[in-house]
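Asks: Below you'll find the structure I mean.
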Ligand SMILES: NC(=O)c1ccc[n+]([C@@H]2O[C@H](COP(=O)([O-])OP(=O)(O)OC[C@H]3O[C@@H](n4cnc5c(N)ncnc54)[C@H](OP(=O)(O)O)[C@@H]3O)[C@@H](O)[C@H]2O)c1
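Numbering (the numbering used here), first residue to last: 145 to 321.
So this is what it looks like as C-alpha cells:
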C-alpha cells in the first residue's frame, strides 16, 4: 500500500495550525477533498477529527448536508483512549490503520494530520510520499513535522512536483525512498 502524508506548512516552515481567525484556505481544503476522494480514505488524529466535526466550526450549509463532504470515504481515526466514534473506524496505531485500509482493498492511504499522527507515521517510516502545501502565513512558536523527535537525523527526499494551488499556496510533492 502507498501512503501519502498531506500537510499544510507555514511559509516559515511550521506545521500550520488553523482556527476561527486563521481558517485554512479554500484551495487547500478542495485539494484535500479531491485527494481523499481519489484515495477513498483518510487517516486522522483524534484531536484533528474532533476539530473537523466541531459543530461551532462547521457552516450551517454543511450541518444541513446529511451526506457530508466525505460521504463514502473510509475515515480512520487514531486514538489510544477512545474505543468507538460513530461513523468512523477507530484504531490504536499507525500500523493498524494501514492494515485496516489494506484489508478493505485500498491501494493508497492518505494521512491527513495532525502533528502527532504525522510524526508517528514519519518516525515509524510508514510514509512513501509527502505533499506539503506552503501557505502564505508566518507563525511564532508552533508545531513541527519531524522524522525523529529525540535525535538529529536526516533523510533525503526526491521532488516529484511543484505547483501553485491559488491564493499564494505552493504545493510541493516529494517521494521518500
Ligand atoms: N497543517 C495541517 O495540514 C494540519 C492538518 C490537520 C490538523 N492541523 C493542526 O494540528 C493540530 C492538532 O494536532 P495534534 O498533534 O494536537 O493532534 P492529532 O494528531 O490530530 O491527534 C492527537 C491524538 O491522536 C491520538 N494519537 C496520536 N498518536 C497516536 C499513535 N501513535 N497511536 C494511536 N493514537 C495516536 C491520540 O488520541 P487519544 O488522546 O484519543 O489517545 C492523540 O491525543 C491543530 O492545531 C490543527 O489545527 C494541521
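All C-beta atoms in this analysis are idealised placements derived from N, C-alpha and C, irrespective of residue type, glycine included.
A quick note: this is a predicted structure, and the numbers were derived from the prediction, not measured.
Could you tell me the distance, in whole angstroms, from the CA atom of residue 210 to the CA atom of residue 294?
Replies: With a pLDDT of 47 at residue 210, under the threshold of 50, the predicted position of this residue should be treated as unreliable, though the coordinate-derived value follows. Cα to Cα, residue 210 sits roughly 44 Å from residue 294.
Asks: Can you tell me whether residue 243 sits near ligand 1, meaning its C-beta is under 6 Å from at least one heavy atom of the ligand?
Replies: Checking the Cβ of residue 243 against ligand 1 gives no.
Asks: Look up residue 308 in the DSSP assignment and say whether it is helix, strand or coil.
Replies: In the structure shown, residue 308 sits in a strand (DSSP, three-state: E or B).
Asks: Could you pull the start and end residues of the alpha helix (DSSP H) that residue 276 belongs to?
Replies: Not the alpha helix (DSSP H): residue 276 falls in the beta strand (DSSP E), residues 273-279.
Asks: Would you tell me roughly how many angstroms separate the C-alpha atoms of residue 219 and residue 282, rounded to the nearest one?
Replies: Cα to Cα, residue 219 sits roughly 30 Å from residue 282.
Asks: Alpha carbons only, please: which of 260, 263, 238 and 290 is nearest the one belonging to residue 253?
Replies: Of 260, 263, 238 and 290, the residue nearest in Cα terms is 238.
Asks: Please tell me whether residue 271 and residue 149 are closer than 7 Å, where the distance is taken between their beta carbons.
Replies: Yes, Cβ-Cβ distance for residue 271 and residue 149 is below 7 Å.
Asks: Could you give the distance in angstroms between the alpha-carbon of residue 245 and the alpha-carbon of residue 155?
Replies: Cα to Cα, the separation comes out at about 33 Å.
Asks: Which of the three DSSP states, helix, strand or coil, is assigned to residue 218?
Replies: Correct three-state label for residue 218: strand.
Asks: Considering only heavy atoms of ligand 1, does any lie closer than 6 Å to the CB of residue 261?
Replies: Within the cutoff, so yes.
Asks: Which of the three DSSP states, helix, strand or coil, is assigned to residue 263?
Replies: The answer is helix: DSSP assigns residue 263 an H, G or I state.
Asks: Tell me, which residues are paired with residue 146 by DSSP?
Replies: For residue 146, which the question treats as bridged, DSSP gives the partners 252.
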